[in-house]
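full-length UniProt numbering puts the first residue of the sequence shown at 1, with every later residue one more than the last.
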Amino acid sequence: MIENWENNIDDFKKKCRILHDVTKIDVRLMDQDGNVLFHLLDYLIPVTLQSLDKEYPTIIKQLRKGETNRYYYHVNSFNLEYIATGIWIKGECCGAVLMGPFISSIPGIRFISDIVTKNKAPISERKLLEEFYQSLSVVSRKNSQSIGGLLVNLFAHTYIETQSLATERVASPLNREELKLEMSESKEQIEERFRLEKEIVDAIAKGNTDEIGRILHDYNKDILLSFFNRIPESTIRSAKNIALVMNTISRTAAERGGVHPLYIHNISEKFAILIERASSLSVLKQLGETMVYEYCTAVRDFSTRHYSLLVKKAVYYIHMHLEEDLSLSIIADEIYVNASHLSRKFKAETNMSIIDYINKKRVEEAKLYLQRGNVSITEVSLMVGFNDLNYFSRVFKKTTSISPSQYSRRYNSSR
1 MIENWENNID DFKKKCRILH DVTKIDVRLM DQDGNVLFHL LDYLIPVTLQ SLDKEYPTII
61 KQLRKGETNR YYYHVNSFNL EYIATGIWIK GECCGAVLMG PFISSIPGIR FISDIVTKNK
121 APISERKLLE EFYQSLSVVS RKNSQSIGGL LVNLFAHTYI ETQSLATERV ASPLNREELK
181 LEMSESKEQI EERFRLEKEI VDAIAKGNTD EIGRILHDYN KDILLSFFNR IPESTIRSAK
241 NIALVMNTIS RTAAERGGVH PLYIHNISEK FAILIERASS LSVLKQLGET MVYEYCTAVR
301 DFSTRHYSLL VKKAVYYIHM HLEEDLSLSI IADEIYVNAS HLSRKFKAET NMSIIDYINK
361 KRVEEAKLYL QRGNVSITEV SLMVGFNDLN YFSRVFKKTT SISPSQYSRR YNSSR
């Protein structure tokens with residue numbers, strides 16, 4: 001049994017590393033007051049969620065109420081899930097280990113919309129939250145119970161230093177003819193892979209999702225992975241390295257396509273985590289396809305490559321502050337430009353006024369929340385930046401040809 005807290009801190013850290021390496025879930029070691037002493041984190045927590053550390057003392061308090069063989073399963077208002085166990089010494093809970101966040105179901109657009117609505121989060125954070133939730137581990141109820149059992153048992157006993165005992169490998173005789181043939185085939189595959197990468201980069205930079213679909217269909221031969229099938233012991237690592245390179249290449253292509261660095265960063269971070277967490281070649285293959293589609297879609301939906309720097313700044317400010325009070329004069333002041341000059345440039349390059357552009361983006365966001373059917377039209381109006389319900393209804397009808405209530409009924413009656 002564990003006899004002393006201070007003398008065992010290093011052992012607790014070693015156990016945390018084991019848990020993190022095996023599960024790929026964030027791990028935190030806390031003292032009895034909920035202060036984090038050590039952590040292993042993969043996830044960049046969005047600003048909207050960074051008040052979560054205030055929940056740690058509450059988790060410790062709950063653990064103290066239980067017994068030494070209990071673990072605590074915690075779900076917060078953002079539907080982020082955690083598992084914690086106390087570290088008990090001589091009948092006293094002297095600290096805890098917390099694993100999470102993770103989620104128990106795959107997050108779709110409705111899931112994210114509900115999170116935003118429930119927590120009154122800024123709608124401009126929706127895309128960032130979507131990327132964050134999609135990067136989290138999805139853990140079934142059964143597996144979370146197993147993690148809880150592992151936590152309790154691991155921290156109820158002292159740490160034991162381990163040593164590995166491996167089977168001795170016997171090198172196969174080198175066949176020079178086979179080696180020569182394999183090297184020739186590898187060269188062809190490398191050339192093919194580079195040609196494929198160039199086509200993918202060009203399609204992403206143009207936001208051409210149809211072309212991406214054609215490329216992936218034509219090259220449905222695992223070309224990015226097949227080169228490493230001859231090295232079974234390093235296949236997964238090699239495939240992950242290639243996927244990470246493709247992530248970097250796609251990121252550069254999206255930037256070339258005119259997507260703002262913040263959007264690109266969020267996508268890149270998400271896939272870097274998912275790639276490292278992948279456990280099989282089939283998962284990596286699916287991730288690769290999803291990744292290039294997502295970068296390509298980002299270019300299609302958020303590209304400003306045809307705009308001047310001035311208009312790019314205005315568009316970015318609108319997207320990042322969509323739920324706030326916006327007007328031509330406010331935006332002009334924020335990006336340090338004459339309002340009349342901005343108005344002329346914006347109209348010339350986008351074929352619409354700044355106000356029309358703002359209204360268009362707000363209506364697009366409003367549709368997402370009206371589709372859920374669980375938020376009032378007044379609430380949706382306020383969420384997306386309209387302070388006047390009647391004005392919101394007029395703008396919505398002008399854009400979609402139907403009223404917000406008709407849109408909500410039509411969409412929800414067809415489900």
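Using N, Cα and C, we set each Cβ at its ideal position, and we do this for glycine too.
Computed from a predicted structure; not experimentally measured.
One thing to note: Val311 has its Cβ within 8 Å of the Cβ of Lys345. The secondary-structure analysis by DSSP pairs Arg28 across a beta bridge with His39, Leu98.
Around Arg277, the same chain offers Lys24 as residues with beta carbons nearer than 6 Å, after the five sequence neighbours per side are excluded. Look at Ala298 here: in three-state DSSP terms it is helix. The bridge partners DSSP lists for His74 are Tyr82. Measuring C-alpha to C-alpha distances from Gly95 to each of Arg64, Arg409, Glu81, Thr167 identifies Arg64 as the nearest. Taken through DSSP and simplified to helix, strand or coil, Ile45 comes out as coil.
Lys198 and Gly258 have their C-alpha atoms some 18 Å from each other. The beta carbons of Pro404 and Leu370 sit closer together than 8 Å. Here Leu40 really is in contact with Arg17; their C-beta atoms are around 7 Å apart, less than 8 Å. Nearest in C-alpha terms to Asp202, of all of Thr162, Thr252, Lys240, is Thr252.
Distance between Asn241 and Thr235, taken at the CA atoms: about 10 Å. When secondary structure is reduced to three states using DSSP, Ile87 falls in the strand class.
In the three-state scheme derived from DSSP, where H, G and I count as helix and E and B as strand, Glu349 is classed as helix. Measuring C-alpha to C-alpha distances from Gly213 to each of Tyr159, Val292, Val139, Ala272 identifies Val292 as the nearest.
Put simply, the backbone Cα of Tyr73 is about 7 Å away from that of Glu81. The region 297-307 makes contact with the region 257-272: 3 or more CB pairs, one atom from each, lie closer than 8 Å. By the C-beta density criterion, Leu326 is buried, having at least 16 other C-beta atoms within 10 angstroms. Judged by DSSP in its simplified three-state form, Val375 adopts coil rather than helix or strand.
Straight-line measurement puts the Cα of Leu128 at about 22 Å from the Cα of Ile331.
DSSP places His265 in the uninterrupted alpha helix (DSSP H) bounded by 261-277.
Glu365: member of the alpha helix (DSSP H) spanning 354-370, first to last residue. Listed in chain order, the non-local C-beta contacts of Phe271 below 6 Å within the same chain comprise Asn247, Met291, local neighbours out to five positions each way being set aside.
Between the region 138-153 and the region 393-412, the count of Cβ pairs shorter than 8 Å is below three; the stretches do not touch.
In the same chain as Lys14, and ignoring 5 residues on each side of it, the C-beta atoms closer than 7 Å to its own belong to Tyr159, in chain order. With respect to Ser135, Phe102 sits apart: the two C-beta atoms are not nearer than 8 Å. Ranked by Cα distance from Ile83, the first of Cys296, Ile59, Gly91 is Ile59.
Counting other Cβ atoms within 10 Å of its Cβ, Lys361 reaches 16 or more and is therefore classed as buried. By the neighbour-count definition (other C-beta atoms within 10 Å, threshold 16), Val139 is a buried residue. Scanning Phe396, Arg372, Ala166, Ala366 for the CA closest to the CA of Gly108 turns up Arg372.
Per the DSSP secondary-structure output, Ile115 pairs with nothing in a beta bridge. Separation of Arg237 and Leu244 (C-alpha to C-alpha, rounded to the nearest whole angstrom) is 10 Å. Excluding the 5 residues flanking it on each side, Ile267 has same chain C-beta neighbours closer than 7 Å at Glu131, Glu294, Tyr295, Ala298, in chain order. DSSP, read as helix, strand or coil, puts Glu92 in strand. In the three-state reduction of the DSSP assignment, Val138 falls in the strand class. Within the model, the alpha-carbon separation for Leu309 versus Asn351 is close to 17 Å.
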